[in-house]
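Chemist: Before I ask anything, here is the structure I am working with.
2 protein chains.
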Amino acid sequence: MGQTNPPFMSGIPELLLLRLLAQRDMYGYELVRSIRLVTGEAITLGEGVIYPVLHALERSGALKATRKAVDGRTRVYYRMTAAGRKRFSRLQGEWQRIQSGLNMALDPETDVPT
Amino acid sequence: MGQTNPPFMSGIPELLLLRLLAQRDMYGYELVRSIRLVTGEAITLGEGVIYPVLHALERSGALKATRKAVDGRTRVYYRMTAAGRKRFSRLQGEWQRIQSGLNMALDPETDVPT
DNA sequence: CGGTATACCTTTAGCTACGAGGTATAGCTT
DNA sequence: AAGCTATACCTCGTAGCTAAAGGTATACCG
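Here's what the structure looks like:
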């Protein structure tokens, strides 16, 4: 099945979006392209993933959307709220925890206790 | 919902199980305890997670199970197969990729391209 | 005028982690 | 003897989230 990124992806789209929007306002299509770039092509997320997450973040109050017309096309810009910043740092901390726990376990020096 | 570890958990139970079983044969209940230990308490996985994954890995040929009676209790020991070893290294590589991509993006030095 | 790029969006499917619950034995404590 | 805790296995249902596919519309280039 879906074999673009596989496993290890849960929660990651949200974290990436919050990371990018912490820096500056961006719109959906732009976020899709940026994610590919800032992860060094390691992670590619389609629009079908990005838009639903953006909408959910808006509903939960982490983001605020504003429509802006540029060259006849309508862009929906997202801006991070205070709640969003809080959520971002919480998720980032959780990511650190999981990551270091897993890396500790994967370390060949770590031996499995009896 | 389920707030023991939250997000970032997809694929991780499988990777941890394979990591532990790469070292030596173990049984389910033991694996549950070991995971807590080797991750420095960062990750705790319940039996409801472990058993289904073990069964799936067995079905797919990554593990081979053997029942062994110890002190009147029956333990099901799992041993990694060649296919399992292969799957382990593939997953580990994928984890590296996702991890470094995400960390690159999270690095404050990384600036979002315009 | 047709194709490609931009820009938005929804629906459906499917995986999988997780909690709750269920069985059974062994051993310790009261 | 009764009851609790620990060991050891297991299943089912829910719910969250990713992902692919498909759908609309405008702008620009040849």
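Protein chains in written order, with our numbering: chain A, 1 to 114; chain B, 1001 to 1114.
C-beta: ideal position from N, C-alpha, C; glycine also.
Since the model is a prediction, treat every value here as computed from it, not as a measurement.
In the structure shown, what three-state DSSP assignment does S100(A) receive?
Modeler: In the first sequence, counting from the first residue as 1, residue 100(A) sits at position 100. Here S100(A) sits in helix by DSSP.
Chemist: When the cut-off is 9 Å and only beta carbons count, does I1012(B) lie next to chain A?
Modeler: Along the second sequence, read from residue 1 onward, the residue named residue 1012(B) stands at position 12. Yes, contact with chain A.
Chemist: Check whether the Cβ atoms of L63(A) and M80(A) sit closer than 9 Å, and answer yes or no.
Modeler: Walking along the first sequence from the start, residue 63(A) turns up at place 63. Walking along the first sequence from the start, residue 80(A) turns up at place 80. In contact: L63(A) and M80(A) (Cβ atoms closer than 9 Å).
Chemist: Which partner residues does A65(A) have in the DSSP bridge list?
Modeler: The count along the first sequence starts at 1 and reaches residue 65(A) at position 65. The partner list for A65(A) (beta bridge, DSSP) reads Y78(A).
Chemist: Can you give me the start and stop residues for the alpha helix (DSSP H) that A1056(B) sits inside?
Modeler: Looking up residue 1056(B) in the second sequence gives position 56. Start and end: 1047 to 1059.
Chemist: Relative to the C-alpha of S1089(B), which candidate in G1011(B), R1019(B), P1007(B) has its C-alpha closest?
Modeler: Your numbering for residue 1089(B) matches position 89 in the second sequence. Closest by alpha carbon: R1019(B).
Chemist: Alpha carbon to alpha carbon, how far is G1084(B) from A1056(B)?
Modeler: Position 84 of the second sequence holds residue 1084(B). Position 56 of the second sequence holds residue 1056(B). Each residue's Cα considered, the two are about 12 Å apart.
Chemist: Between which two residues does the alpha helix (DSSP H) carrying S34(A) extend?
Modeler: Position 34 of the first sequence, counted from the start, is the residue given in the question as residue 34(A). From DSSP, the alpha helix (DSSP H) with S34(A) extends over 28 to 38.
Chemist: Between the C-alpha atoms of V53(A) and E47(A), what's the straight-line distance to the nearest angstrom?
Modeler: Taking the first residue of the first sequence as 1, we reach residue 53(A) at position 53. Taking the first residue of the first sequence as 1, we reach residue 47(A) at position 47. Roughly 10 Å between the two C-alpha positions.
Chemist: Against chain A, with Cβ distances strictly below 9 Å, would V1076(B) count as a contact?
Modeler: Position 76 of the second sequence, counted from the start, is the residue given in the question as residue 1076(B). False, the Cβ-Cβ gap to chain A never drops below 9 Å.
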